[in-house]
Amino acid sequence: AIAAATMVCFQLGPLRKNQTLYGHEASHDNFFPRGHWLRDKEIRVFGMSLGEFLGELATAISLVQNEEDYRDAHDRHHDPETFTTPNDDDARDVISAGFAPGKSVHAYWRQYWWNWISPRFHAGQLLARYKSNFVTARPARRVMAALSLSGLAALVLTMPIHAWIFAILVPWTWGYHIAGLSQVLNRHAWLQSKEGAASIEDYAERSWGRFNGVPMPAKELTGWAYLKAWTFWWAEILFIEAPVRAASWSPDLQAHDYHHLEWFGPEDFVDDWTTMPQRRQSAIDRGSDRYGMAERELWGWRNAMNHGFEKLSRAPKLED
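Numbering-wise (the numbering used here), the sequence shown opens with residue 13 and increments by one.
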């Protein structure tokens with residue numbers, strides 16, 4: 013069981029990065045990092061820029077949202093007038109997963125765990141992925157998706173069935189949905205208002221930095237209290253933080269608040285995903301943190317989930 017879970021987690025990391033890193037940066041025309049020799053080359057493939065083509069290829073491998081659909085939705089997500097509001101596609105996904113605003117934190121946790129086994133949740137995810145790959149996608153993307161799906165299905169002929177289930181079926185379906193849910197719920201302060209951000213400061217308040225790690229036990233503990241504290245600490249690191257880091261929170265997602273704020277400051281716009289965490293910390297260290305990123309840092313997945321749920325519980329109900 014441990015070996016199967018480990019296989020799923022480490023398979024999920026690259027699959028998620030295909031969307032949250034490569035597909036995401038391609039939607040910003042920033043697939044190649046600053047200084048890469050292909051960054052400014054005018055290369056077209058099937059009518060797409062090379063970066064966009066590679067973004068389509070990466071997301072086709074994971075069989076997730078195509079680049080045209082993603083770019084359209086992501087432009088609205090970044091727009092201060094729609095950011096985190098009911099007009100934000102990501103916010104609508106949060107609602108459709110059962111996380112409407114105004115409920116209790118306990119109710120959100122219950123909904124989260126229910127979604128692990130909810131046929132409705134997983135069927136909805138699979139249907140959306142099918143439509144984006146084979147209905148709304150451009151022809152070249154449909155071919156990519158068909159080849160990816162065919163290749164994954166064909167592997168069942170060359171692998172033991174139990175290995176194919178844990179190495180292919182689970183990561184590409186159930187695991188992918190849970191990994192996505194486990195980060196989107198704590199990525200922003202969703203649905204804080206029905207209107208867009210009133211100011212850049214309001215916009216900034218709807219994001220934060222998320223980092224894997226939990227405080228170490230107090231040094232003065234002794235005896236049974238010492239043993240218990242360290243046992244729980246290691247359990248959380250090994251069985252929560254490490255899997256979340258491997259399967260859900262890729263490095264750029266941890267400094268995601270800086271990605272949103274870089275368009276407005278706090279320092280000169282660079283838009284290079286390879287150095288985002290370092291530039292976030294550099295802005296704080298240099299006193300360029302005009303929007304208070306240092307005051308919005310969350311350590312540990314459970315803490316980030318609770319923070320997101322608390323924000324959502326205080327948000328106005330949709331019918332109000």
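Think of the CB as a built atom: it goes at the ideal place given N, C-alpha and C, for glycine as much as any other residue.
Small disclaimer: the values here were computed from a predicted structure and weren't measured.
For residue i, the first and last residue of its enclosing alpha helix (DSSP H)
| i | result |
| --- | --- |
| residue 150 | Here residue 150 belongs to no alpha helix (DSSP H), and DSSP marks it neither H nor E. |
| residue 289 | 288–297 |
| residue 96 | Counting along the chain, residue 96 falls outside any alpha helix (DSSP H), and DSSP gives it neither H nor E. |
| residue 170 | Run containing residue 170: none; DSSP gives neither H nor E here. |
| residue 19 | 14–29 |
| residue 121 | 117–127 |
| residue 193 | 186–196 |
| residue 74 | 62–74 |
| residue 101 | 101–108 |
| residue 83 | 79–90 |
| residue 327 | Here residue 327 belongs to no alpha helix (DSSP H), and DSSP marks it neither H nor E. |
| residue 37 | 36–39 |
Range of the contiguous beta strand (DSSP E) that encloses residue i
| i | result |
| --- | --- |
| residue 311 | 309–311 |
C-alpha distance - residue i paired with residue j, whole-angstrom precision
| i | j | result |
| --- | --- | --- |
| residue 176 | residue 157 | 19 Å |
| residue 196 | residue 104 | 11 Å |
| residue 251 | residue 35 | 28 Å |
| residue 22 | residue 116 | 33 Å |
| residue 326 | residue 107 | 15 Å |
| residue 189 | residue 72 | 16 Å |
| residue 113 | residue 308 | 21 Å |
| residue 227 | residue 297 | 22 Å |
| residue 160 | residue 131 | 24 Å |
| residue 256 | residue 300 | 30 Å |
| residue 68 | residue 78 | 6 Å |
| residue 199 | residue 321 | 11 Å |
| residue 330 | residue 260 | 29 Å |
| residue 209 | residue 120 | 24 Å |
| residue 281 | residue 222 | 22 Å |
| residue 271 | residue 154 | 30 Å |
| residue 314 | residue 202 | 17 Å |
| residue 134 | residue 167 | 23 Å |
| residue 124 | residue 17 | 19 Å |
Assigned exposure category for residue i - 16 Cβ within 10 Å defines buried
| i | result |
| --- | --- |
| residue 232 | exposed |
| residue 204 | buried |
| residue 128 | exposed |
| residue 323 | buried |
| residue 262 | buried |
| residue 44 | buried |
| residue 333 | As displayed, the chain neither begins before 13 nor continues past 332, which places residue 333 out of reach and without an answer. |
| residue 56 | exposed |
| residue 184 | buried |
| residue 149 | buried |
| residue 37 | buried |
The ligand FMN heavy atom lying under 7 Å from the CB of residue i
| i | result |
| --- | --- |
| residue 174 | What this structure holds is no ligand at all, so the ligand FMN is not there to describe. |
* To do: With a floor of 3 residues, list each beta strand (DSSP E) that falls wholly inside the stretch 201–272, ordered by position along the chain.
  => 221–223
* Between the stretch 88–103 and the stretch 208–218, do three or more beta carbon pairs fall short of 8 Å? -> yes
* Is the stretch 304–318 in contact with the stretch 235–242, if contact means three or more CB pairs nearer than 8 Å? -> no
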